[in-house]
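Colleague: In my numbering, the protein residues as written are 751 to 930.
1) Along the chain, which unbroken stretches of the alpha helix (DSSP H) at least 4 residues long are found entirely within the stretch 841 to 925?
2) Could you pull out every residue in the same chain whose Cβ sits closer than 8 Å to the Cβ of residue 860, ignoring the five residues on either side in sequence?
3) Use the C-beta contact count for residue 928: other C-beta atoms within 10 angstroms, 16 or more gives buried, fewer gives exposed.
4) Tell me the rounded alpha-carbon separation between residue 780 and residue 905.
5) What number of angstroms, rounded off, separates the C-alpha of residue 793 from the C-alpha of residue 768?
6) Using the C-alpha atoms, what's the distance from residue 872 back to residue 797?
7) Taking the Cβ atom as the reference point for each residue, do residue 828 and residue 805 lie within a distance shorter than 9 Å?
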């Protein structure tokens, strides 16, 4: 059984364990470089993100009339942007305990959610929900993170759709690439 075909909870437990273990190794003194962190994200995380689905959701109504080269450029820009965003967020990880728990879903559903609780030693716990989607190949991939009730996909979708309306897809793709 491939890692991606495992149930979402098993998948996230395995990926999380490896990822957090590697972060502890490179960030023992709190001085991990962004380049090192991006490499970890690329190695352990990005293959489990449904980049194409996320990209199309971000485009929203702007997907109409999209050419293949425009779509590929945008998907690539989103992938690099997410890689940088996740690496930046993971730079904050300082060995906190992370507990994963599957939320109820039907066996036939193409969607599932895994809840993560990040235990803060000197503060309130942080709740993160990982939203999964099952591909036609039967692989589970993350398409959204909901941190403390705020969907990152929804927030970015509104921002990017508005920006595309203002300056066009080519400019937004360039802006995403510039952030990565």
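Glycine included, every Cβ here is placed at the ideal spot set by N, Cα and C.
All figures in this text were calculated on a predicted structure; none of them were measured in a lab.
Modeller: The answer reads as follows:
1) 902 to 917
2) Working through the chain shown from its first residue, we reach residue 860 at position 110. The residues are 883 and 884.
3) As a position in the chain shown, residue 928 is number 178, starting the count at 1. The residue in question, residue 928, is exposed, as its Cβ has fewer than 16 Cβ neighbours within 10 Å.
4) As a position in the chain shown, residue 780 is number 30, starting the count at 1. As a position in the chain shown, residue 905 is number 155, starting the count at 1. Roughly 30 Å between the two C-alpha positions.
5) Here residue 793 refers to the residue found at position 43 of the chain shown. Here residue 768 refers to the residue found at position 18 of the chain shown. Taking the straight line from one Cα to the other gives about 10 Å.
6) Within the chain shown, residue 797 is the residue found at index 47, counting from 1. Within the chain shown, residue 872 is the residue found at index 122, counting from 1. Rounded to whole angstroms, residue 797 to residue 872 spans 33 Å at the Cα level.
7) Locating residue 828 in the chain shown gives position 78, counting from the first residue. Locating residue 805 in the chain shown gives position 55, counting from the first residue. Closer than 9 Å, so yes.
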